[in-house]
Structure formats: structure tokens, C-alpha cells
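Colleague: Sequential numbering from 25 applies to the sequence shown in the numbering used here. Here it is: the structure, laid out below.
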Amino acid sequence: MDLKERRQMNTVKRHPWEMSRAQVIADLLKLNPEREYRILDIGCGDLFLEEYLLERYALLQFYCVDIAYSEEEVTVLNQKNKRIRVYNNFADVADEVRQMDIVLLLDVVEHIERERDFLEELISRPFFTKQTEILITVPAFQCLYTSHDHFLGHYRRYSLKEIRRLVQQADLKLLTSGYFYMSLLIPRMLKKGKENLVGKGRDTTGLVEWKGGAGWTSFLKKVLTFDYRTGKFFKAMGLSLPGLSTYVLCRKKSVS
Numbered sequence: 025m026d027l028k029e030r031r032q033m034n035t036v037k038r039h040p041w042e043m044s045r046a047q048v049i050a051d052l053l054k055l056n057p058e059r060e061y062r063i064l065d066i067g068c069g070d071l072f073l074e075e076y077l078l079e080r081y082a083l084l085q086f087y088c089v090d091i092a093y094s095e096e097e098v099t100v101l102n103q104k105n106k107r108i109r110v111y112n113n114f115a116d117v118a119d120e121v122r123q124m125d126i127v128l129l130l131d132v133v134e135h136i137e138r139e140r141d142f143l144e145e146l147i148s149r150p151f152f153t154k155q156t157e158i159l160i161t162v163p164a165f166q167c168l169y170t171s172h173d174h175f176l177g178h179y180r181r182y183s184l185k186e187i188r189r190l191v192q193q194a195d196l197k198l199l200t201s202g203y204f205y206m207s208l209l210i211p212r213m214l215k216k217g218k219e220n221l222v223g224k225g226r227d228t229t230g231l232v233e234w235k236g237g238a239g240w241t242s243f244l245k246k247v248l249t250f251d252y253r254t255g256k257f258f259k260a261m262g263l264s265l266p267g268l269s270t271y272v273l274c275r276k277k278s279v280s
């Protein structure tokens, strides 16, 4: 969860989207439970994903960066779990770690005005080797940009073609890519249509406002996970279904 959202909540009540997306990320990474991985998560938010993955893959070592963390929060969080190192300054982690196995940019790139420059600078770091994989997720389709995006500080949304082009321009080799969460397209289209008619809504998001009970939350999480698996099945058949999110998994093309 984005820290901007987290700080508006009195208690943490996980949205089914957030819970299902953790399963999606785990599936896309295809981690070996018997192998150690060093994982850099840029724009890590409140560490829900790290905690979820560590419950299933005990040998992971996370290096988590989010500039929204205060120094006090960094100190407290670094005392909780030795497998989750937290930073509020990218330079600190870049100087500390020699090599990363995986880099995560999960709903981060859309926050960056000059995203190609950012990616090129990132992959030029010594820890980003030819073996390093980078997983990027972004919100899909600029035509669906709403007050939700504005509240979170998004500059843009991406089609699959656009995010593929971006990573290729940044000298990354595309391994796999696709959309997920087709079932969320219609609700977003309705929200966009409403905003076009009556104006923007309040500056908040569904993650902050989620009030569903445990049963309803579990049901919707299963629906979203089934949605992802359906898209994965059709992708294996050669048919790419659209969705509200898109992803690319890449490696470096060359090493300087």
C-alpha cells in the first residue's frame, strides 16, 4: 500500500486488490523456495508485499526504499525483521549492496516525470547485472486516468505497447509482459464516465476507503485471482486480454 494511503487509515484493512496482487507478483517472479534472493523494492510502501512473500519464501532478503519514510520510521522498521532492510534514500542502499537478483518497480514508474532517464540511471548501477531481473507494473490505459491517479501523483497510465517501448528504449531485454485484472476495467470505465459528467471525486482511493468484511474481502480476492489466472491461460493460448494493470519482466541487454 502507498504510504500516502496508509497514513489516512486508522487501522489496516487490506483491500482484496492488494491481497490478490501479492499473489500475482509471486506468480510472475517464479521464486525457488530453496534459493536465496536479494530483492530491491523501490517505492515499497508499507511492506505488505515483503511480509507476504517471506511467509512463503523464507530465504528472501529485501532492500526496501521509499522516500516517504521518516528517519524514525526507518529506525523502527529496521529493528523488526532482519530480512527486510528499509531505507528512505536510494543512495544508501545503492552503496551498500553489490548485486541484486530482482528489482521491483510496482506501480512506481507512473509517478516519475522522466521515467526513461530514471530507468537508464537505475540499470547503470553496479548492482544491476546481466542476471538481474526487473519486474515493472503500471496502471493501464491513459484514457482511464481519473481522480484516483491524480490523488496518487500519477503522471500517466500505459498501454502494453507503451510500457514495452519504454523498457526497450532503456536498454532492457523484454522477457515477458501482459495485462491483468480485466474484470476491473468496467468499474474504472464507469468511474471515468461519471467524472466526465459530474466532475472529479474526493481525493482518496478505494484502498483507504475499503470497509468490506472478511467474507466479502476473501470472495473478491478470489475473483481477482481467478481473473489473473484466466488471463494467464489465454495468454498461453496466444491471446492477450486487456486489464486495468500491465506488467513487464526484463533483464539488461548489455553490460557496460
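Ideal Cβ placement from N, Cα and C applies to all residues, glycine included.
Cutting at 8 Å between CB atoms, please list the residues of its own chain near E134, excluding the five before and the five after it.
Modeller: Answer for E134: V162, P163, D173, H178, Y179, R180, R181 and Y182, listed in chain order.
Colleague: Under a Cβ-count criterion, where at least 16 other Cβ atoms within 10 Å of its own Cβ denotes burial, should I66 be classed as buried or exposed?
Modeller: buried
Colleague: By the 10 Å Cβ neighbour count, where 16 or more other Cβ atoms means buried, how is G283 classified, buried or exposed?
Modeller: Beyond the ends of the chain as shown, which are 25 and 280, falls residue 283; an answer cannot be given.
Colleague: Under a three-way DSSP split, which group does P150 fall into?
Modeller: coil
Colleague: Assuming V127 contacts R188 (C-beta within less than 8 Å), just tell me the rounded distance between them.
Modeller: Contact between V127 and R188 does not hold, since their C-beta atoms are separated by about 17 Å, which reaches or exceeds 8 Å.
Colleague: Go ahead and pull the three-state DSSP assignment for G202.
Modeller: strand
Colleague: Below 8 Å between beta carbons: does that hold for I63 and L84?
Modeller: yes
Colleague: Is the separation between the beta-carbon of Y203 and that of S269 shorter than 8 Å?
Modeller: yes
Colleague: What separation, rounded to the nearest whole angstrom, lies between the Cα atoms of Q192 and G237?
Modeller: Our two residues, Q192 and G237, have alpha carbons roughly 43 Å apart in a direct line.
Colleague: Under 8 Å: do the segment 40 to 55 and the segment 258 to 265 share three or more Cβ pairs, one atom per stretch?
Modeller: Contact fails: fewer than three Cβ-Cβ distances are below 8 Å.
Colleague: My output table needs one value for T170: the three-state DSSP class, helix, strand or coil.
Modeller: coil
Colleague: How far does the alpha helix (DSSP H) with E120 in it reach, from first residue to last?
Modeller: F114 to E120
Colleague: Work out the CA separation of R80 and E137 for me, nearest whole Å.
Modeller: 35 Å
Colleague: Which whole-angstrom value is the C-beta distance of L198 and C274, which I expect to be below 8 Å?
Modeller: C274 and L198 do touch by the CB rule: their CB atoms are close to 6 Å apart, below 8 Å.
Colleague: With respect to the beta strand (DSSP E) encompassing I158, which residues constitute its N-terminal and C-terminal limits?
Modeller: For I158, the enclosing beta strand (DSSP E) starts and ends at E157 to P163.
Colleague: Report the option in L146, N105 and F165 whose CA atom is closest to the CA atom of D114.
Modeller: In the sequence under discussion, the amino acid at residue 114 is Phe, which differs from the Asp named in the question. That would be L146, whose Cα lies nearest to the Cα of F114.
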